[in-house]
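Asks:
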Amino acid sequence: MGEHPVHLVFLLAYGHPNQRRIMDQAFNFDELTALLECCYEHDGPRGQPQDLGIYTGESILHICIANNDCKSIDGILKKAGDKLEILLGLKATGLFFQPLVMRKKAQITTFQRWMLGILGIDRSHEDYGCDAIVNIHSYSQSFAYFGEFPLSFAASQGNVEICNKIFARLSNDVQWRVLTQVDSSGNNALHIAVLHGHEDMIDFLLKKEHELKEAEKEKEKQEKLNSTNTGREVGVAEIGQNHDQQGYTPFTLAVRHGQVRTYQYIVDQHMKKTEWRFGAKRYTKVSCEQLDNYGVKNSSDDKEVSSLHQHDKWKSVFEIIVNFELAEFCDDHVFEELLTNKWKSCRHIFFFFVLLPYIIYLALFCYLLHLRTSAFRSNFFPLSGAPIGDVSSIPDAQTRIVSIILVFFSVCLLVYGLSSRRLDSLLLRGAKPKERKLLQCLSQLLQKNMLSLLCILTATTVLTSFGLQEVGNYKVELSFLSLAALFSFLTLLYVAIPYHPVGKLVMIMEDIMFQDVLICLIVYLIFMFGFTAAIYLMFQNSSSWQLRYSTDFDYTRNPLATAWALVWNSLGDAYMYFHVLALHSQDRNLAVTLEVIWVILSRILIMNLLIAMMNSRYKRDCEGKNRRWVFHRARMMLMYERWRVASPRLFPGHKDRKDKFLYRLEEIPRESRDVFKCVHDAAKSISSESRHAG
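Right, dumping it as structure tokens:
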């Protein structure tokens, strides 16, 4: 339980009836000062390449902070004396204090890098760029993480009193060093406070940073007056903009873990500024330096913003919400406003570089179909009215010119489809591992890759038809042209998804197809197999010549033929099948009864059930917000903005963007209104008293 008997004293004292007495006795020992730096040594298996101890690095101060024992902490700080900074630099690196999943940078081979590129997987994504080590000693993925340093322990507990006691005994320079300490994962105390959702601790740490900055500025002014400038920068450490090893600042870390309340608190209290207020209204602005990177990324007049985005793994709040599909942020007004602004600035790119070229491509393809069908008709049905042999047509010069243009467009469409694939969707980026289901993963994988799949199918079928045209296989060419016509018009729907009416309708149709229709189809197949076996047995004693005489379809051939007959029967072709059942089945009454039941089930019950389910889903999707469409549109906006950053000459409007702030006219919260009312009433009473005294 402890590396040293002093650890046992503090560990066993908590929860003991005589806890305070034991603590007082411990602080009376003169040797306690020398034992303050005594930490747990590595208690894991020997020979391990990394530290896998459970409580490695834990000191007495860590134990007292974890138990919120302010009195004992005060005594430890007094006894530490000049060694206080050393004591505050002790790191508890044991597995008990680490998160559930610890990530270490992985070595990716050339073959693995090639395969990840083929699958369209981002190598910088945290699930691919590192090896994950599961920590079996932690009880939660996020909130078991204490941050290694004593100040981080206090931040994880949300105990502002402990932090005040610590900073009260430190000079300003030491306070800077303690405040900006980062653990082995790159997280500082503010990261830990945000991770645990302690709003008071967030306020305290940011206020302390502001106080230290102001003190540093005053000191710099004094040094300039005395001509003794030390050359030290003011505010070197920005704890709110520190990146951890995965590129997250404290603010973006809250977004990554889906902590909506903490995110909104930081935005309202530390990022939002009021420009003016009048009555119950106020006009506010929110800085976009961490919300959106493209609007301020290339700003040369703001050094803090540019340095914030220099981290190779940096992602803005908007990117994190979209990449990890954090549905809990879809209703946030900041995210909605960012998405609206991006769509307004990128819709011309979408129209002129995506939608309009595809419409031209589709028009050329339809013209090619007209040329080919005209050629086939002129050869197969000449003016004499009799066919002249096999269906064949040699393309003319006009057809070849259109085909060459379509080949170029088809190659571009194929590249666009491959670049928009999302084969890493099996991870369900926004979901926890326990919530992942195989069928749900496969369904989402197909839905998220429909645009990519349709683009690839359209391009390949068109190119294949051109190849068949060149070799002279015109019959198969017609088959591929028919498939290409189907795929090309379906692709147009998915290309136009960013437009709200089309996108919402397509997403509703997807939900109906992949959920309601799929469920009804499974039920239909189960019923069909049962009725197929039952009705097939009714024909086993019938003579085959009578069945062939009655109908041109042999129901006794195999069960598959009976199944197809039932399918056609469900679609309305019932008269001939009833006639066969009534005349040639072994048990006419039973066979006809089975047929009637099948008709009722397949045409009335299952179809009406499907219609009811579709109606219910349509109403639900129309009333609510289709979040899949929101993420699809947002992802496309990010792609277009990357185009604009990569090609400033092609998209000159990017340099003119100055949307560093989001402006909003909103109502003042009722609590703030009450405060203003109290201040106004107090000022009014003071004014009346002074007037009366005068």
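Take UniProt numbering: the final residue in the sequence shown is number 694, and no numbers are missing along the way. Beta carbons: idealized from backbone N, C-alpha and C, even for Gly. Because the structure is a prediction, the values reported are computed rather than measured.
(1) Hey, G186 and Q245 are a contact pair by Cβ (cut 8 Å); roughly how many whole angstroms apart?
(2) Nearest to V567 by CA position, among I604, I600, A591 and M528, is which residue?
(3) Please state the DSSP three-state secondary structure of V182.
(4) What does a CB cutoff of less than 6 Å around L426 pick up in its chain, not counting 5 residues either side in sequence?
(5) Counting pairs of Cβ atoms below 8 Å between the segment 501-516 and the segment 634-642, do you hit three or more?
(6) Would you tell me roughly how many angstroms separate the C-alpha atoms of F167 and G147, rounded to the nearest one?
(7) At a Cβ threshold of 7 Å, is A484 touching chain B?
(8) Please identify the residue among D69, K71, A66 and D82 whose C-alpha is closest to the C-alpha of E37.
(9) Where DSSP assigns a beta bridge to F661, which residues make up the other side?
(10) Throw me the rounded Cβ distance for the V502 and L493 pair, which I believe falls under 8 Å.
(11) Can you tell me which of the three DSSP states E325 falls into?
(12) From the DSSP secondary-structure annotation, give me the bridge partner or partners of E666.
(13) Can you give me the C-alpha to C-alpha distance between E216 and L170, rounded to a whole angstrom?
(14) P669 to L253, Cα distance in whole Å?
(15) What does the alpha-carbon distance come out to for the pair S152 and V178?
(16) Expressed to the nearest angstrom, what Euclidean distance is found between the alpha-carbon atoms of M450 and V334?
(17) Less than 7 Å separating the beta-carbons of H191 and G158?
(18) Between the C-alpha atoms of V6 and W314, what's the straight-line distance to the nearest angstrom?
(19) One question on the structure: do T461 and F480 come within less than 7 Å of each other, judged by their Cβ atoms?
(20) Closest to Q264 by C-alpha separation, out of C366, L339, V194 and V645, would be which residue?
(21) Quick one: Cα of R372 to Cα of F329, how far?
(22) Inspect the CB distances between the segment 349-362 and the segment 278-291 and report whether three or more fall short of 8 Å.
(23) Between the Cα of A534 and those of L518, I519 and T562, spot the shortest distance and give me the residue it belongs to.
(24) Between the alpha carbons of Y474 and L468, how many angstroms are there, rounded?
(25) Helix, strand or coil for R421 per DSSP?
(26) From E211, T464 and A485, pick the residue whose C-alpha is nearest to that of E477; which is it?
(27) Have a look at C346 and R642 and give me their C-alpha separation to the nearest angstrom.
(28) Just the Cα atoms here: how many angstroms apart are S156 and H196?
(29) What are the boundary residues of the alpha helix (DSSP H) that includes E37?
(30) Determine the closest residue to C366 out of I320, L483 and F324, with distance taken between C-alpha atoms.
(31) Hey, could you find the ends of the alpha helix (DSSP H) T593 is sitting in?
(32) So, helix, strand or coil for W276, using DSSP?
(33) Is it true that the CB of I239 sits closer than 7 Å to the CB of N188?
(34) Which value, in whole angstroms, describes the spacing of the CA atoms of E470 and H632?
(35) Please state the DSSP three-state secondary structure of M538.
(36) So is A693 buried or exposed if we call it buried at 16+ other beta carbons inside 10 Å?
Replies: A quick look at the data gives this:
(1) About 4 Å separates the beta carbons of G186 and Q245, which is inside the 8 Å limit, making them a contact pair.
(2) Out of I604, I600, A591 and M528, M528 has the C-alpha closest to the C-alpha of V567.
(3) The three-state secondary structure of V182, taken from DSSP, is coil.
(4) Here L426 scores only 45 on pLDDT, less than 50, and its place in the model should not be relied on; the value that follows carries that caveat. Closer than 6 Å at Cβ, skipping near neighbours: C441 and L445.
(5) In short, these stretches do not touch, since the Cβ pair count stays below three.
(6) Counting only the Cα atoms, G147 lies some 18 Å from F167.
(7) No chain B appears in this structure, which consists of one protein chain only.
(8) Cα-wise, what sits closest to E37 is D82.
(9) DSSP output for F661 lists S287 as bridge partner(s).
(10) Going by Cβ atoms, the distance from V502 to L493 rounds to 7 Å, so yes, they are a contact pair.
(11) Looking at E325 - three-state DSSP - the assignment turns out to be coil, as it is neither helix nor strand.
(12) DSSP links E666 through a beta bridge to R282.
(13) Computed Cα separation, rounded: 15 Å.
(14) Distance between the alpha carbons of P669 and L253: 27 Å.
(15) Near 10 Å, if we compare the C-alpha coordinates of V178 and S152.
(16) Rounded to the nearest angstrom, the two C-alpha atoms are 29 Å apart.
(17) For the 7 Å CB-CB criterion, H191 and G158 do not form a contact.
(18) Put simply, the backbone Cα of V6 is about 44 Å away from that of W314.
(19) For T461 and F480, yes; Cβs fall inside 7 Å.
(20) Closest option to Q264, Cα to Cα, is V194.
(21) So the alpha carbons of these two residues sit roughly 51 Å apart.
(22) When Cβ pairs closer than 8 Å are counted between the two stretches, the segment 349-362 is seen not to touch the segment 278-291, the count staying below three.
(23) A534 has its Cα closest to that of T562, out of L518, I519 and T562.
(24) Take the alpha-carbon of Y474 and the one of L468: they are about 7 Å apart.
(25) Coil, per DSSP.
(26) It is T464 whose Cα lies nearest to the Cα of E477.
(27) Answer to the nearest angstrom: the Cα atoms are 11 Å apart.
(28) Note on geometry: alpha-carbon atoms of S156 and H196 lie some 6 Å from one another.
(29) No alpha helix (DSSP H) holds E37; DSSP gives it neither H nor E.
(30) Minimum Cα distance to C366 is reached at L483.
(31) Here the alpha helix (DSSP H) through T593 covers R588 to V599.
(32) DSSP places W276 in strand when its eight states are reduced to three.
(33) Going by C-beta atoms, N188 is nearer than 7 Å to I239.
(34) Taking the straight line from one Cα to the other gives about 39 Å.
(35) The answer is coil: DSSP assigns M538 none of H, G, I, E or B.
(36) Confidence at A693 is low in this model, with a pLDDT of 48, below 50, so its placement is unreliable and the value that follows should be read with caution. The residue is exposed, with fewer than 16 neighbouring Cβ atoms inside 10 Å.
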